[in-house]
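Numbering (our numbering), first residue to last: 2 to 335. Beta carbons are placed, not taken as given, at the ideal position from N, Cα and C, and that holds for glycine. Remember, predicted model here, so these are calculated numbers, not experimental data. One structure is given below, encoded as structure tokens.
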Ligand code: DGY
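Below you can see the structure in the form of structure tokens.
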């Protein structure tokens, strides 16, 4: 009968999905097999108005770190969106509590990017310690005068103390590489107590307060979430606690570091170098930072490998598949 046909049609209707940025081809292809998808082929970030309209039109929006989704974008009538399947592990760009209050599920993509983000952390540590940026610029500028005992002398990683702030999945991967690869001593600071079974893997020691870590570390690497909770966690007072030989690495979120305090610390040689993969106000970074030879600056490359970017996409697919099948997605954060 007619009723049966209508019911069948409804149950076969594919959810309408919006992907906010260009994704790896393999994942886009897979996504289009199961859903009615709108892709962002020209890869231009959506604006506030686009998001308000999208919330009324799509069952799922798949945003990423470049999509700011504050409270005001949710202030629209007749929201259709039921799930925000974020492509990325960090989700401070989404007003989670507002989404939650509206009954919108939010998921992220942990685990799959821990290796590559840890790799980029080590890249920055090595580049900063061994003055690789300066060296590369010198060679490219045709200014290399040849080997000499005092040329671009840096500092050694092996045997040094690495202070890790935020000992989640990425922090632990960094510890593994630093401890087993470079014999580094690992000190960690984390909001909650880390289990002994985890600390023991890299012979890590958890300190009670940040100051203790800052005072004793040769390298300090940030792996805590961004957002209000950790806004300017590293500012003037914290730079003053660091050794003058310290190297600060940020692969977490730009807002964790107070740029003005960092610039002053570099100017007054309160620290020796910095390696940044994330910035306040990306991609419009503070132009002062570019002036420092001892600042290694990467354009948010932490997860940027083919393998990881595909894995992140497939993880979003798993999350929304669970959701539309009525299950709780494995990476539900709200
Ligand atoms: C994330 O996942 O939060 C990164 O910043 C981008 O991979």
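Of the candidates 195, 227, 173, 214, 214 places its Cα closest to the Cα of residue 240. Secondary structure note for residue 186: its beta strand (DSSP E) is the uninterrupted segment 186–190. Leaving aside the five residues that flank residue 212 on each side, the residues in its chain whose CB is nearer than 7 Å to its CB run, in chain order, 242. Residue 72 sits exposed, since fewer than 16 C-beta atoms from the chains shown fall within 10 Å of its C-beta. Excluding five sequence positions before and after residue 92, the CB atoms of its chain that fall closer than 7 Å to its own CB belong to 107, 109, 334, given in chain order.
8 Å or more divides the Cβ of residue 42 from the Cβ of residue 69.
Sequence-distant partners of residue 44 (beyond 5 residues in either direction) whose C-beta falls short of 7 Å from its own C-beta, in its chain, are 22, 23. Residue environment analysis places residue 282 among the exposed positions, since fewer than 16 neighbouring C-beta atoms fall within 10 angstroms of its C-beta.
Taking the Cβ of residue 304 as the reference point, at least one heavy atom of the ligand DGY falls within a distance shorter than 7 Å. The Cβ atoms of residue 315 and residue 20 do not sit closer than 8 Å to each other.
Annotated three-state conformation of residue 224 is coil, per DSSP. Annotation: the continuous alpha helix (DSSP H) that includes residue 312 extends over 307–325. Here residue 66 is actually not in contact with residue 119; their C-beta atoms are around 18 Å apart, not less than 8 Å.
Beta-bridge partners of residue 296 (DSSP): 275.
The C-beta separation of residue 266 from residue 248 comes to about 12 Å, leaving the pair out of contact by the 8 Å criterion.
Listed in chain order, the beta strand (DSSP E) elements of length 3 or more contained wholly in the segment 113–185 are 162–166. The criterion of a C-beta distance shorter than 8 Å is satisfied by residue 25 and residue 310. Taking 8 Å as the cut-off, the Cβ atoms of residue 134 and residue 153 do not count as close. For residue 210, the secondary structure class from DSSP, reduced to helix, strand or coil, is coil. In the structure shown, residue 260 falls within a helical segment according to DSSP collapsed to helix, strand and coil. In the structure shown, residue 80 adopts coil according to DSSP, grouped into three states.
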